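According to my numbering, numbering within the sequence shown proceeds without interruption in unit steps and concludes at 1508.
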Amino acid sequence: MVVQQHTKELLEGLAESLQVPPNRYEEAERRYKAVGNWLLRETSCVLDAAPKVYIQGSFRLGTVIRPISDGEDYDVDLVCELSLSKMSLTQADLKALLGREIQAYAEAHRMEDPEEGRRCWTQHYADEARFHMDILPALPDAAHQRQLLETRGFSTEWTDTAIAITDREHPEFRQHTVDWPHSNPKGYANWFHSKMRAIFEARRYALALEARANVEAIPYYEVRTPLQSAIQILKQYRDMMFAESPDDKPISIILTTLAAHAYQQEATVSEALYSILNQLDRHIQDRNGVAWIANPTDPAENFADRWATYPDRKTAFYKWLEQARRDFIGAAQASSRRLAIEALQPRLGQHLMESVKSGRHGFRWFAKVLSPAHRKTPPWNYLDGGDVRIQRATHSRKGFRVQTFSSGSDPLPKYCNLIFEACTNVSQPYKVYWQIVNTGREAEDANGLRGGFDEGIVTKGKLIKKESTLYTGTHSIECFIVKQGYLAARSGQFIVNIQ
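Right, dumping it as structure tokens:
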């Protein structure tokens, strides 16, 4: 789809306007660490259970958005994992045990009493903080979850971090049993990150370069990928569309999971957003007539299980998707920035759209590096079902041994020979293409910016691309797999720095 430049800039600005300020992430981190330190004090009744407290949900995924209303809180979801056996206590025991500690924490810090929910304890902070924390009691459950998945023939790739949780509506809530509700927020976060790893690492490096800092010094929450930004825009659109009927709105875990499946390492917000909107519903399975959106860490769990009980929610999802496609296509084709704003404002909100009217927000320095104007958009329609990655890169010079290097690593000297090796799970036959994007004055002066697609060859089952280091600057290479005229997989940009 052709997207007007003013619309691309508008979407970048919209994504930036939805970002939670870094100080909010820092504040959330301070508060959950304070809870963790409280549980580790000498007089803690859970000290011997080696409590571990960590963030889950949208704060962990980097997809949290600013509250619509000034009076709304940021909802920070925590897990408190205790090293205890499921047979040593009941769900009710575990919840009460943690509840006593949270109550003591609230009293010690002169806070209001925590509220008990179905699964969590909720701790509210002072009004000016605009925070509340949902604290989920949990136990390690990797071995049991792995056994269950193996028995059913499902992948156990993400089970190492599985947990058992409490749910007072569970029929065995007050009984000693191994049959506890389960979850895996760490595993889900790891899966989600794997879907954007290449572009995440490239952007983190670009931020470090811009800040003249080490990559490790750039906090994860400061790195924004097009996938995260696209999800934030879609969540905001959903919240505004269902402001009067919040019970019907598509839940965030469904939007996030489907968007991550649809994302193909696009380098800009607009590319990611339109690709996701186009592909979103293709990742909904039909299992014996039941709409199924599988939990990537537990394929036996259906995130859309409530659709069977509440069919209006399924209807609402498709209504939301159809309307979103219509509005964002209208914005893409709008002949002016004003008309693009008018296309989106009814369901994104006047206040938000006013905040991005003033001009360019999101075209930061790293965007110029990762997606310069001469970088061509892939001409193929996307076909789901494949993966490709650049698994090895080497550089060599005459008289020196061959060395491997990684994306975004220290600058290489000029006049090195480079070899990139990619691997894919797409079945042959297919075609392989490579996109080289150079930046900088030297490349421009030599008419060497490139940015198109070079067809490669498959040698003995290997995808290999040979290049050389010619121009000072930050450049990128990406591998594309095309099958029957459709884009089956793309690797994401591999960043090459040259002295």
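Glycine included, every Cβ here is placed at the ideal spot set by N, Cα and C. None of these values were measured; they are calculated from a predicted model.
In the structure shown, what three-state DSSP assignment does residue i receive?
| i | result |
| --- | --- |
| Phe1372 | The pLDDT assigned to Phe1372 is 45, lower than 50, so where the model puts this residue is not dependable; a value taken from the coordinates is nonetheless given after this. In this structure, Phe1372 counts as coil in the three-state DSSP scheme. |
| Thr1277 | coil |
| Thr1186 | coil |
| Trp1443 | strand |
| His1118 | coil |
| Val1224 | helix |
| Phe1429 | strand |
| Phe1068 | helix |
| Tyr1283 | helix |
| Gln1241 | helix |
| Leu1361 | helix |
| Gly1457 | coil |
| Ser1094 | coil |
| Lys1104 | helix |
| Gly1494 | coil |
| Leu1479 | coil |
| Asp1057 | helix |
| Leu1392 | coil |
| Ala1215 | helix |
| Tyr1083 | strand |
| Lys1471 | strand |
| Arg1291 | helix |
| Phe1209 | helix |
| Ile1507 | strand |
| Arg1401 | strand |
| Ile1466 | coil |
| Tyr1230 | helix |
| Arg1499 | strand |
Beta-carbon within less than 8 Å of residue i's beta-carbon, same chain only, minus the 5 sequence neighbours each way: which residues are those?
| i | result |
| --- | --- |
| Glu1121 | Ala1115, His1133 |
| Glu1110 | Trp1047, Leu1048, Ser1053, Cys1054, Val1055 |
| Trp1374 | Model confidence at Trp1374 stands at a pLDDT of 47, short of 50, so the residue's coordinates are unreliable; what they give is reported in the following sentence. If we look at Trp1374 and ignore the five residues flanking it on each side, its Cβ neighbours are Ala1215, Glu1219. |
| Leu1087 | Tyr1041, Val1044, Val1062, Tyr1063, Ile1064, Gln1065, Met1142, Asp1143, Ile1144, Leu1145 |
| Phe1182 | Thr1099, Gln1100, Ala1101, Thr1175, Asp1176 |
Determine whether the beta carbon atoms of residue i and residue j lie at a separation below 8 Å.
| i | j | result |
| --- | --- | --- |
| Pro1259 | Gln1065 | no |
| Ala1309 | Leu1392 | no |
| Tyr1424 | Arg1406 | yes |
| Ile1208 | Thr1234 | yes |
| Arg1085 | Met1010 | The residue you asked about is not Arg; residue 1085 is Val in the sequence shown. Taking 8 Å as the Cβ cut-off, Val1085 and Met1010 do not qualify as a contacting pair. |
| Ala1300 | Ala1313 | yes |
| Lys1474 | Gly1465 | yes |
| Ala1198 | Arg1033 | no |
| Ala1341 | Val1012 | yes |
| Gly1071 | Val1224 | no |
| Gln1508 | Pro1388 | no |
| Asp1176 | Gln1100 | yes |
| Tyr1495 | Asn1447 | no |
| Lys1204 | Ala1113 | no |
| Leu1458 | His1383 | yes |
| Met1249 | Gly1358 | yes |
| Pro1031 | Tyr1230 | yes |
I'd like the list of long-range same chain contacts for residue i, defined as Cβ closer than 6 Å, with 5 residues on each side in sequence excluded.
| i | result |
| --- | --- |
| Glu1124 | Thr1131 |
| Pro1320 | none |
| Ile1074 | Leu1027, Gln1241, Lys1244, Gln1245 |
| Leu1107 | Cys1089, Pro1146 |
| Ile1445 | Arg1459, Ile1486 |
| Gly1501 | Ala1207, Ile1208, Gln1274 |
Which residues in the same chain have their Cβ closer than 7 Å to the Cβ of residue i, if we skip the five residues on either side of it in sequence?
| i | result |
| --- | --- |
| Arg1401 | Thr1413, Glu1430 |
| Arg1369 | Residue placement at Arg1369 cannot be trusted, given a pLDDT of 45 that sits under 50; the coordinates are not used to answer. |
| Ser1336 | Correcting the residue identity first, residue 1336 is Asp in this sequence and not Ser. Closer than 7 Å at the Cβ level, and outside the excluded window around Asp1336, lie Ala1352, Leu1353, Arg1356. |
| Thr1165 | Arg1155, Leu1158, Glu1159 |
| Tyr1442 | Phe1462, Asp1463, Glu1464, Gly1465, Phe1489, Val1491 |
| Arg1346 | His1015, Leu1019 |
| Asn1434 | Gly1395, Asp1396 |
| Lys1440 | Glu1464, Val1491 |
| Leu1330 | Leu1289, Asp1290 |
| Pro1339 | Correcting the residue type first, residue 1339 is Gly in the shown sequence and not Pro. Taken in chain order, the residues that qualify are Ala1352. |
| Ser1067 | Val1073, Ser1261 |
Is residue i close to chain D? Criterion is C-beta to C-beta, closer than 8 Å.
| i | result |
| --- | --- |
| Lys1042 | Reference to chain D is not applicable here, since this structure consists of a single protein chain. |
Exercise for review: Let me know the alpha helix (DSSP H) ranges lying completely inside the stretch 1294-1337, each 4 residues or longer, listed in chain order.
Suggested key: The stretch 1294-1337 contains, as complete alpha helix (DSSP H) runs of 4+ residues, the segments 1315-1318 (chain order).
Review point. Taking one C-beta from the stretch 1277-1286 and one from the stretch 1082-1101 each time, how about it: are there three or more such pairs within less than 8 Å?
Key: By the C-beta criterion, the stretch 1277-1286 is judged not to be in contact with the stretch 1082-1101, since fewer than 3 inter-stretch pairs fall below 8 Å.
Check your understanding: Three or more C-beta pairs closer than 8 Å, one from the stretch 1203-1222 and one from the stretch 1033-1052: is that the case here?
Key -> With a cut-off of 8 Å, the stretch 1033-1052 and the stretch 1203-1222 do not count as touching, because too few Cβ pairs lie within range.
Review point. Just checking, does the stretch 1165-1174 make contact with the stretch 1148-1157 on the three C-beta pairs under 8 Å criterion?
Key: With the cut-off at 8 Å, the stretch 1165-1174 and the stretch 1148-1157 touch.
Review point. Would the stretch 1222-1241 and the stretch 1024-1033 be scored as touching if the rule is three or more Cβ pairs under 8 Å?
Key: Yes, the stretch 1222-1241 touches the stretch 1024-1033.
Exercise for review: Entirely within the stretch 1012-1051 and at least 4 residues each: give me those alpha helix (DSSP H) ranges in chain order.
Suggested key: With a minimum length of 4 residues, the unbroken runs of alpha helix (DSSP H) contained wholly in the stretch 1012-1051 fall at 1014-1027, 1031-1048.
Point to revise | Whole beta strand (DSSP E) elements within the stretch 1147-1205, 3-residue minimum | key: The stretch 1147-1205 contains these whole beta strand (DSSP E) runs: 1172-1174.
Practice item. May I have a chain-ordered list of the alpha helix (DSSP H) segments no shorter than 4 residues that lie completely inside the stretch 1246-1275? Key: For the stretch 1246-1275, whole alpha helix (DSSP H) runs of length 4 or above, ordered along the chain, are 1261-1271.
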